[in-house]
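My numbering runs 270 ahead of the 1-based position in the sequence shown.
Beta carbons: idealized from backbone N, C-alpha and C, even for Gly.
Just so it is clear, the structure is predicted and the values come from calculations on it, not from any experiment.
Structure first, then comments.
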Amino acid sequence: MYKKILLPLDGSERAVKALAHAVEIAQKFGAKLTLMHVVPSLPAYVNTAVDQLGHAQQTIINELTRHGQEMMEEVASSVLDKGIEIDTYTVLGQPADEILEKAKSEDYDLIVMGSRGLGEIKGYLMGSVSNRVARHASCPVLIIH
Ligand SMILES: Nc1ncnc2c1ncn2[C@@H]1O[C@H](COP(=O)(O)OP(=O)(O)OP(=O)(O)O)[C@@H](O)[C@H]1O
Ligand SMILES: [Mg+2]
271 MYKKILLPLD GSERAVKALA HAVEIAQKFG AKLTLMHVVP SLPAYVNTAV
321 DQLGHAQQTI INELTRHGQE MMEEVASSVL DKGIEIDTYT VLGQPADEIL
371 EKAKSEDYDL IVMGSRGLGE IKGYLMGSVS NRVARHASCP VLIIH
């Protein structure tokens, strides 16, 4: 039933908690697991700013991308002994849109994600990314609280 599982990771504890669930399901179903990190794109006004800002922006993006890849490799290596096929994917964009697009265009069967992430605002059950993905996904979404 589940052959391709997508696990979006933002580096938060909650997202890593979702990993255990994704791994167990992947083992049971013999599924492939993809760890995905979206480097959030900067606001549009930054893109249109002068050259110097463009350089600074690129430096920030490169650094965030490197950091995201490292974070996912660390997560992947923590479950190396589980005998599941894992790959990692990093992309620049709006997190919810990129997650939805990836799941749809590559026919993922399940998205496993945290209810909240790195966002600081307390009191809400769901963050904006989990909320949007849960509402618009083309496949089932398992939200880990
Ligand atoms: N940049 C991202 N890349 C990959 N996955 C992400 C990203 N941001 C969030 N997620 C996924 O979405 C889950 C929920 O995070 P979300 O961002 O919705 O909550 P939040 O950070 O608490 O709130 P908000 O971002 O709205 O302030 C995370 O546990 C993670 O699985
Ligand atoms: Mg967030």
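May I ask whether a heavy atom of ligand 1 can be found less than 6 Å away from the beta carbon of residue i?
i	result
Pro313	no
Val345	no
His307	yes
Gly300	no
Met393	The amino acid at residue 393 is misidentified as Met; the sequence shows Gly. Not under cutoff, so the answer is no.
Asp280	yes
Gly384	yes
Arg284	yes
Ser400	yes
May I ask whether a heavy atom of ligand 2 can be found less than 6 Å away from the beta carbon of residue i?
i	result
Leu388	yes
Val411	no
Gly397	yes
Which partner residues of residue i appear in the DSSP bridge assignment?
i	result
Thr358	Leu305
Ile391	Its beta-bridge partners do not exist; DSSP assigns none.
Ile331	Ile331 is not bridged to any residue.
Pro278	Met306
Gly300	Note: Gly300 sits in no beta bridge, so no partner.
Gly384	Ile414
Gly363	Pro310
Which residue's Cα is closest to the Cα of residue i: the options?
i	options	result
Pro365	Ala404, Lys302, Glu294 and Val293	Ala404
Ala302	Gly393, Leu350, Leu276 and Leu388	The question names Ala, but residue 302 in the sequence shown is Lys. The candidate whose alpha carbon is nearest that of Lys302 is Leu276.
Thr358	His307, His415 and His406	His307
Lys399	Leu388, Lys392 and Gly393	Checking the sequence shown, residue 399 turns out to be Val, not Lys. Looking at the Cα atoms, Leu388 is the closest of the given residues.
Glu355	Leu289, Leu323 and Gln297	Gln297
Gly281	Ala290, Lys274 and His337	His337
Are the stretch 327–339 and the stretch 304–315 touching, with three or more C-beta to C-beta distances below 8 Å? Inter-segment contact for the stretch 327–339 and the stretch 304–315 is present: three or more beta-carbon pairs are separated by less than 8 Å.
Quick test of the definition: if touching needs 3 or more C-beta pairs under 8 Å, does the stretch 405–412 touch the stretch 363–379? yes
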